[in-house]
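First up is the structure itself, then whatever we jot down about it.
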Amino acid sequence: MVSKSTSILASAIVVWAVAVVVSGDIAQGSVVQKTTNDGIYTKPQADGAKAQFDKVCAECHPFTVAARKKIKDIPLGDEPFFDNWEGRALSEIVTTIVLTMPNDGSGVVSDEEAVDLVAYILQQNGFPAGSTPLTKDTASAVVARPKK
1 MVSKSTSILA SAIVVWAVAV VVSGDIAQGS VVQKTTNDGI YTKPQADGAK
51 AQFDKVCAEC HPFTVAARKK IKDIPLGDEP FFDNWEGRAL SEIVTTIVLT
101 MPNDGSGVVS DEEAVDLVAY ILQQNGFPAG STPLTKDTAS AVVARPKK
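Read in this note's numbering, the sequence shown has 69 at position 69, and its numbers run on one by one without any break.
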């Protein structure tokens, strides 16, 4: 018969072993951070945000440096976009849109609209669509340069 203390010791060893394996996986990078290359929005979601983008964002935010109308326009593609956002969570873009756009005070963008706008931005930057829409909860994915 196994004593109570032996059972407790065995349980503690199992918990310790699991903790060591999990912490080793994390240290070795086995816990994978989703990126913008992982199909984290849907095509219908992005397509549906085009009209909102054209209405609220397009005046100041082209997708290429060459498409700028004014020198102060901030491209949502090309090097300026990646220089600013690469390695950062999409949730930061969502928050920036909600809190500061449009910057002329002409309207308000809701969290849901901002998430859809980010899906459109991803689509326009050549990131692959997936089968699940982007949400505030999945916006922890980080911006990575598109895979060619």
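Backbone N, C-alpha and C define an ideal beta-carbon position, used for all residues, glycine too.
What three-state label does DSSP hand residue i in the structure shown?
i: Ala-51; result: helix
i: Ala-46; result: helix
i: Thr-132; result: coil
i: Val-108; result: coil
i: Val-142; result: strand
i: Glu-59; result: coil
i: Thr-36; result: coil
i: Ala-67; result: coil
Would residue i be called buried (16 or more neighbouring beta carbons within 10 Å of its own) or exposed?
i: Ile-74; result: exposed
i: Ala-114; result: buried
i: Pro-44; result: exposed
i: Ile-121; result: buried
i: Ser-140; result: exposed
i: Val-32; result: exposed
i: Leu-99; result: exposed
Please return the same chain residues whose Cβ sits closer than 6 Å to the Cβ of residue i, not counting the five positions on each side in sequence.
i: Val-65; result: Pro-75 and Asp-78
>> Under 8 Å: do the segment 47-57 and the segment 98-114 share three or more Cβ pairs, one atom per stretch?
In response: yes
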